[in-house]
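First residue of the sequence shown? That's 47 in our numbering, and the numbers climb one at a time after it. Note that CB positions come from ideal geometry on N, CA and C, so glycine has one too.
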Amino acid sequence: MSNTRNTPSSRTRSRADVPGPRNDNDRRNDNDRRGDSGGKKDAARARVADARAAEALRQRRRKSLIIGSAAVAVIVAGTGIGIAVQNSRSTSNAPYVAPANADGTTIVYGNPNAKNTLQVYEDFRCPICDELEKSAGPAVQALADNGTYKIEYHMATFLDGNLGGNGSAVALNAAAAALNESTAKFKAFHDVLYANQPAETTDGFNSTAEMLKLAAKVPGLVTPAFTKAVQDNTYGPWVSKVSEAFNNSGVTGTPTLKLNGKQLTVFSNSGTPVTQAQYTALIDSTLGVK
47 MSNTRNTPSS RTRSRADVPG PRNDNDRRND NDRRGDSGGK KDAARARVAD
97 ARAAEALRQR RRKSLIIGSA AVAVIVAGTG IGIAVQNSRS TSNAPYVAPA
147 NADGTTIVYG NPNAKNTLQV YEDFRCPICD ELEKSAGPAV QALADNGTYK
197 IEYHMATFLD GNLGGNGSAV ALNAAAAALN ESTAKFKAFH DVLYANQPAE
247 TTDGFNSTAE MLKLAAKVPG LVTPAFTKAV QDNTYGPWVS KVSEAFNNSG
297 VTGTPTLKLN GKQLTVFSNS GTPVTQAQYT ALIDSTLGVK
């Protein structure tokens, strides 16, 4: 799972965590520290650099339009590549197909009639989600398996935009193919993805071959239908809807966990994820179990 709001007690991967380009306020602050004379010179240089960068950007955009979207190599530094490729996938002409066992844009694991609901917001590329999964993951599942709550997974792909690439979307499409088999297969594949998560900056999940390799770790998952769905990006349009739902949820990062709508603090002030025992105690306390 990845970061929510950037507070010490709720360590999460925010959509704004990746540093962006320096803005005019940043430059003005630097100028204030250097003094008026140096500041004016730096400001002038900055304006010239900005103008050159803007012109270079226009030229690259013109070139990309001529060459075509398949040859878009660089549109803007950093996030531009991810956004461009992600958009090209999500705006394909493929028909909208939702996987079997999906509840709209959410994935429900456990007894759907359970009295309590745990909402889990994740991005498969999120390293902080992975930390929590490795620490408290078995307890999170155990309480769903024993009927304490059902889990509603709300998946995100914003790290593709922040870091560039399509790993989150490719992994989510493969997870949707697993969900089409069964919720149990989804959960097992979900766990395999986190157990084999690459560094978030490498975009290591952006490979159908890698998805099929990891899926082989789940007994009985790799069927002809599963393989075709992974290779054809069958659930790409559904992935876009899921991502859009996350972006409109008001949740600003991953992992975020809410029990019956109440956000849970699953990281200490020092950024350490709760253990299985601590997580179980947290759930009991939130539900008023004595």
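Asked                                                                                                                                                              : Found
Should the region 260-275 be called in touch with the region 176-196, which here means at least 3 C-beta pairs below 8 Å?                                          : no
Could you check the C-alpha separation between Pro141 and Ser314 for me, to the nearest Å?                                                                         : 44 Å
Mind checking which residues open and close the beta strand (DSSP E) that includes Thr17?                                                                          : The structure shown does not extend to residue 17, since the chain spans only 47 to 336, so no value can be given for it.
Can you tell which of Leu205, Leu209, Gly210, Met201 has the C-alpha that lies nearest to the C-alpha of Ala220?                                                   : Met201
Could you check which residue in Gly334, Thr229, Ala217, Ala224 has the C-alpha nearest to that of Asn242?                                                         : Ala217
So, for Lys287: in the same chain, excluding its five sequence neighbours on each side, which residues have a beta-carbon less than 6 Å away from its beta-carbon? : Thr151
Ignore the nearest five residues each way along the sequence and tell me which others in Tyr199's own chain have a CB closer than 6 Å to its CB.                   : Ile153, Val166
Along the alpha helix (DSSP H) that carries Tyr199, what are the first and last residues, could you check?                                                         : Careful: Tyr199 lies outside any alpha helix (DSSP H), inside the beta strand (DSSP E) at 196-202.
Can you tell which of Gly334, Lys233, Ala245 has its C-alpha closest to the C-alpha of Asn147?                                                                     : Lys233
Could you pull the DSSP bridge partners for Ile153 from this structure?                                                                                            : Ala148, Tyr199
Can you pull the DSSP bridge partners for Pro173?                                                                                                                  : Beta-bridge pairing links Pro173 to no other residue.
Straight-line CA distance for Glu227 to Ala275?                                                                                                                    : 11 Å
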